[in-house]
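Participant:
2 protein chains.
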Amino acid sequence: MNRLKSIGRISIAVACLLFFTVVASAQSQNSLYQVSTINALLQGVYDGQVTMKELKKSGDFGIGTFEGLDGEMIALDGKFYQVKSTGEVILVNDQMKTPFANVMNFKPEQTGEINDVKTFGELEKALDSIIKDKNYIYAIRIDGVFTGQTRSIPGKTKPYPSLTDAAKTQSVFDIQQTKGTIVGFLCPQYVNGINVPGYHLHFISEDRKSGGHILNGGIKSGKVQIARITDFRMVLPSNDAFQQASLNQDYSKELSKVEQSK
Amino acid sequence: MNRLKSIGRISIAVACLLFFTVVASAQSQNSLYQVSTINALLQGVYDGQVTMKELKKSGDFGIGTFEGLDGEMIALDGKFYQVKSTGEVILVNDQMKTPFANVMNFKPEQTGEINDVKTFGELEKALDSIIKDKNYIYAIRIDGVFTGQTRSIPGKTKPYPSLTDAAKTQSVFDIQQTKGTIVGFLCPQYVNGINVPGYHLHFISEDRKSGGHILNGGIKSGKVQIARITDFRMVLPSNDAFQQASLNQDYSKELSKVEQSK
Chain A
30 MNRLKSIGRI
40 SIAVACLLFF
50 TVVASAQSQN
60 SLYQVSTINA
70 LLQGVYDGQV
80 TMKELKKSGD
90 FGIGTFEGLD
100 GEMIALDGKF
110 YQVKSTGEVI
120 LVNDQMKTPF
130 ANVMNFKPEQ
140 TGEINDVKTF
150 GELEKALDSI
160 IKDKNYIYAI
170 RIDGVFTGQT
180 RSIPGKTKPY
190 PSLTDAAKTQ
200 SVFDIQQTKG
210 TIVGFLCPQY
220 VNGINVPGYH
230 LHFISEDRKS
240 GGHILNGGIK
250 SGKVQIARIT
260 DFRMVLPSND
270 AFQQASLNQD
280 YSKELSKVEQ
290 SK
Chain B
30 MNRLKSIGRI
40 SIAVACLLFF
50 TVVASAQSQN
60 SLYQVSTINA
70 LLQGVYDGQV
80 TMKELKKSGD
90 FGIGTFEGLD
100 GEMIALDGKF
110 YQVKSTGEVI
120 LVNDQMKTPF
130 ANVMNFKPEQ
140 TGEINDVKTF
150 GELEKALDSI
160 IKDKNYIYAI
170 RIDGVFTGQT
180 RSIPGKTKPY
190 PSLTDAAKTQ
200 SVFDIQQTKG
210 TIVGFLCPQY
220 VNGINVPGYH
230 LHFISEDRKS
240 GGHILNGGIK
250 SGKVQIARIT
260 DFRMVLPSND
270 AFQQASLNQD
280 YSKELSKVEQ
290 SK
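Residue numbers (the working numbering), protein chains in the order written: chain A, 30 to 291; chain B, 30 to 291.
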């Protein structure tokens, strides 16, 4: 009987090992998961595609927005936040949906320091000096003291305006000497149309009371962590709005207008 | 004892069910797996990245090339073929590597017919009339009688030339009234730099004795099967050649020169 029990136990152990090996191997790289494309967002495809519950399965770190372009999303250490256009920061609920997001399980491969950078341009230069091999997407985390301007856009109703028009209603928050974390990505130019070429960074304060999409600003004494993405996955919406959107034009100018005010 | 055996068996069954559910759910969509980017290939990044053994895990259907740009790859019904520049078609071995490929588990969602199209331009128009919603990548399979020109490029050694230069040494095969299968993809313009915008099609004869990358030609009485891709995964090389390549220029002209001769 004991022998049979042992065989049973060993078989269960092997089956469980196989199961967890599959799950673990799927999570062992810096793999970026993306919902939709930036051109679709620029064209007003704001229907929610993926719930927060689903999105959380693909990462503990990232940025994005919500159905109707309702605020800025920041995922940090497994917690997902919404920076509303009122400035309020709340933890998302699992039923909320995103039309565009990038998340990953953040495993930093490189660290660095940034000191006394005051503008987004200076921040870019400081990061450029840390990040080599610009042919990849990079995930960026900076913990430090931030001074600058962030924004959040109030949610829109249908018919949805373009992102350029929606951004005209944005709230801008002036954040001074605030301890917190910058979360975002650097993308190469060749992802144009799919994601944002260059730096796309969001901020959240350590007290989780302020944040948003960074329009301008810099960092005093920041600890930088970088992860290179060599595995990129993108899931596209099947809705009519995505199908009918003009996704093949070059929206670089529109994009840079809504991204930063350098 | 029987009760303990039963508990053991049930536990094993549950563990196995969990295991296979994970495996099955990962394969339940039309998900495209891509190795590297088309701009990297255009710039001569021909180092093998992924073995055939690995590639086969991500699909039973697709196209690509081999280390050193050594011939054309066609995956059909789970078999992976190399069309050599001599015209010979062989089954690949698991150790061979690819620098660029697209594979998937092909699950057609739409069917159609194509009759009496003679040129690549006519073939494109015929496919355009079947495929709506051009904002996605589509996988295409056409079984029929092919007449046209295919090509294969002889393998290169380092320092690797660009694809434009390599293509100058291509062998062109004149294929007449030959029963077989076209395998390939349609990509939207917004993937420019990452994959080939427009149609990228390879052919293999039913007797598996001829084929290659289609430069021109059409189909008499072909059965078309189409799968829309809403899940796209791209794995990037970590080698020096990829890191140093100029991937951010627009190589549309170079690409259209090496892709077809309409």
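Note that the Cβ used here is the ideal one computed from N, Cα and C, for glycine as well. Every value quoted in this text rests on a predicted model; they were computed, and no experiment measured them.
#1: Beta-carbon within less than 7 Å of residue 146 of chain B's beta-carbon, same chain only, minus the 5 sequence neighbours each way: which residues are those?
#2: Considering residue 69 of chain B, what are the terminal residues of the alpha helix (DSSP H) in which it resides?
#3: Among the candidates B/257, B/229, B/181 and B/277, whose CA atom is the shortest distance from the CA of residue 149 of chain B?
#4: Tell me the rounded alpha-carbon separation between residue 127 of chain A and residue 253 of chain A.
#5: Check for me: the beta strand (DSSP E) holding residue 230 of chain A runs from which residue to which?
#6: Identify the contact partners of residue 132 of chain B in chain A, using a Cβ-Cβ distance below 7 Å as the criterion.
#7: Under 8 Å between beta-carbons, which chain B residues line up against residue 66 of chain A? List them in chain order, please.
#8: With 16 as the cutoff for other CB atoms within 10 Å, does residue 120 of chain A come out buried or exposed?
#9: The region 258-285 of chain A: which residues have C-beta closer than 7 Å to a C-beta of chain B, in chain order?
#10: Could you tell me whether the Cβ of residue 169 of chain A comes closer than 8 Å to any Cβ of chain B?
#11: Within this structure, are the beta carbons of residue 217 of chain A and residue 277 of chain B separated by less than 8 Å?
#12: I'd like the span of the alpha helix (DSSP H) that includes residue 193 of chain A, first residue to last.
#13: Rounded to the nearest angstrom, what separates residue 273 of chain A and residue 111 of chain A at their Cα positions?
#14: Along the region 221-254 of chain A, where does the CB come closer than 9 Å to a CB of chain B? Name the residues.
#15: Leaving out five residues before and five after residue 139 of chain B in sequence, what residues of the same chain have Cβ atoms less than 6 Å from its Cβ?
#16: Output yes or no for whether 8 Å exceeds the beta carbon distance between residue 227 of chain A and residue 215 of chain A.
#17: Assess contact between the region 202-210 of chain A and the region 182-192 of chain A, defined as three or more Cβ pairs (one per stretch) separated by less than 8 Å. Is contact present?
#18: Apply the 10 Å Cβ neighbour rule to residue 198 of chain A and answer buried if 16 or more other Cβ atoms are within range, or exposed otherwise.
#19: Between residue 264 of chain A and residue 123 of chain B, how many whole angstroms is the CB-CB distance? I'm expecting something under 8 Å.
#20: Go to residue 141 of chain B, then tell me how far its alpha helix (DSSP H) extends in each direction, as first and last residue.
#21: Step through the CB atoms of chain B and report whether any lies within less than 8 Å of the CB of residue 106 of chain A.
#22: Within 10 angstroms of the Cβ of residue 66 of chain A, are there 16 or more other Cβ atoms? Answer buried if so, exposed if not.
#23: Taking residue 134 of chain B as the reference, give the member of B/114, B/108 and B/115 with the closest Cα.
#24: Please name the residue or residues paired with residue 175 of chain B in a DSSP beta bridge.
#25: Take residue 45 of chain B and list the residues in its own chain whose beta-carbon comes closer than 7 Å to its own, dropping the five residues that flank it on each side.
#26: Where do the ends of the beta strand (DSSP E) carrying residue 261 of chain B lie?
#27: Starting from residue 271 of chain A, trace the beta strand (DSSP E) in both directions and tell me its first and last residue.
#28: Measuring CA to CA, which of A/77, A/92, A/116 and A/171 is closest to residue 251 of chain A?
#29: What's the C-alpha gap between residue 162 of chain B and residue 96 of chain A?
#30: Counting C-beta neighbours from all protein chains within 10 Å, is the total for residue 267 of chain A 16 or more, i.e. buried, or is it exposed?
Facilitator: The relevant details are as follows:
#1: Counted from its first residue, the second sequence places residue 146 of chain B at position 117. Answer for residue 146 of chain B: 152, 155, 247 and 248, listed in chain order.
#2: Sequence index remark: in the second sequence, residue 69 of chain B carries index 40 (1-based). Where residue 69 of chain B is concerned, the enclosing alpha helix (DSSP H) starts and stops at 67-71.
#3: Within the second sequence, residue 149 of chain B is the residue found at index 120, counting from 1. Cα-wise, what sits closest to residue 149 of chain B is B/229.
#4: Within the first sequence, the letter at position 98 stands for residue 127 of chain A. Within the first sequence, the letter at position 224 stands for residue 253 of chain A. If you take the alpha carbons of residue 127 of chain A and residue 253 of chain A, they lie about 27 Å apart.
#5: Translated into the one-based positions of the first sequence, residue 230 of chain A becomes position 201. Segment 227-234, the beta strand (DSSP E) holding residue 230 of chain A.
#6: For this step, residue 132 of chain B is matched to residue 103 along the second sequence. Residues of chain A whose Cβ lies closer than 7 Å to the Cβ of residue 132 of chain B do not exist, since the nearest Cβ in that chain is about 15 Å away.
#7: To locate residue 66 of chain A, count along the first sequence from 1; it is residue 37. Near residue 66 of chain A (Cβ distances below 8 Å), the residues of chain B are 219.
#8: Indexing the first sequence from 1 puts residue 120 of chain A at position 91. Exposed, because fewer than 16 other Cβ atoms sit within 10 Å of the Cβ of residue 120 of chain A.
#9: Those would be 259, 260, 261, 262, 263, 264, 265, 267, 271, 272, 274, 276 and 277, in chain order.
#10: Here residue 169 of chain A refers to the residue found at position 140 of the first sequence. Chain B contact via Cβ: absent.
#11: Locating residue 217 of chain A in the first sequence gives position 188, counting from the first residue. Locating residue 277 of chain B in the second sequence gives position 248, counting from the first residue. With contacts defined by Cβ atoms closer than 8 Å, residue 217 of chain A and residue 277 of chain B form a contacting pair.
#12: Position 164 of the first sequence, counting from 1, holds the residue named residue 193 of chain A. For residue 193 of chain A, the enclosing alpha helix (DSSP H) starts and ends at 192-196.
#13: Translated into positions along the first sequence, residue 273 of chain A becomes position 244. Translated into positions along the first sequence, residue 111 of chain A becomes position 82. The alpha-carbon of residue 273 of chain A is positioned some 28 Å away from that of residue 111 of chain A.
#14: Result list: 221, 222, 223 and 226.
#15: Numbered from its first residue, the second sequence carries residue 139 of chain B at position 110. Counting only Cβ-Cβ distances below 6 Å, and skipping sequence neighbours, we find 255.
#16: Locating residue 227 of chain A in the first sequence gives position 198, counting from the first residue. Locating residue 215 of chain A in the first sequence gives position 186, counting from the first residue. At the C-beta level, residue 227 of chain A and residue 215 of chain A come within 8 Å of one another.
#17: Fewer than three pairs of CB atoms, one per stretch, sit closer than 8 Å, so the region 202-210 of chain A makes no contact with the region 182-192 of chain A.
#18: Indexing the first sequence from 1 puts residue 198 of chain A at position 169. So residue 198 of chain A ends up on the exposed side.
#19: One-based indexing of the first sequence puts residue 264 of chain A at position 235. One-based indexing of the second sequence puts residue 123 of chain B at position 94. Rounded to the nearest angstrom, the Cβ distance from residue 264 of chain A to residue 123 of chain B is 30 Å, too far for a contact under 8 Å.
#20: Position 112 of the second sequence, counted from the start, is the residue given in the question as residue 141 of chain B. From DSSP, residue 141 of chain B is part of no alpha helix (DSSP H) but of the beta strand (DSSP E) over 139-143.
#21: Along the first sequence, one-based indexing puts residue 106 of chain A at 77. Answer no: the Cβ-Cβ gap between residue 106 of chain A and chain B never drops below 8 Å.
#22: For the purposes of this step, residue 66 of chain A is taken as the residue at position 37 of the first sequence. That one is buried.
#23: Stepping through the second sequence from its first residue, residue 134 of chain B is reached at position 105. By alpha-carbon distance to residue 134 of chain B, the top candidate from B/114, B/108 and B/115 is B/108.
#24: Here residue 175 of chain B refers to the residue found at position 146 when the second sequence is read from its first residue. Bridge partners of residue 175 of chain B: B/207 and B/248.
#25: Numbered from its first residue, the second sequence carries residue 45 of chain B at position 16. Low per-residue confidence applies at residue 45 of chain B: pLDDT is 46, beneath 50, and the placement is therefore not dependable enough to give any value.
#26: Within the second sequence, the letter at position 232 stands for residue 261 of chain B. Boundaries of the beta strand (DSSP E) around residue 261 of chain B: 260-264.
#27: Your numbering for residue 271 of chain A matches position 242 in the first sequence. Per DSSP, residue 271 of chain A lies in no beta strand (DSSP E); the unbroken alpha helix (DSSP H) holding it starts and ends at 269-273.
#28: Residue numbering aside, residue 251 of chain A sits at position 222 when the first sequence is read from its first letter. Looking at the Cα atoms, A/171 is the closest of the given residues.
#29: One-based indexing of the second sequence puts residue 162 of chain B at position 133. One-based indexing of the first sequence puts residue 96 of chain A at position 67. Their Cα atoms are separated by approximately 22 Å.
#30: Stepping through the first sequence from its first residue, residue 267 of chain A is reached at position 238. Exposed: under 16 other Cβ atoms inside 10 Å.
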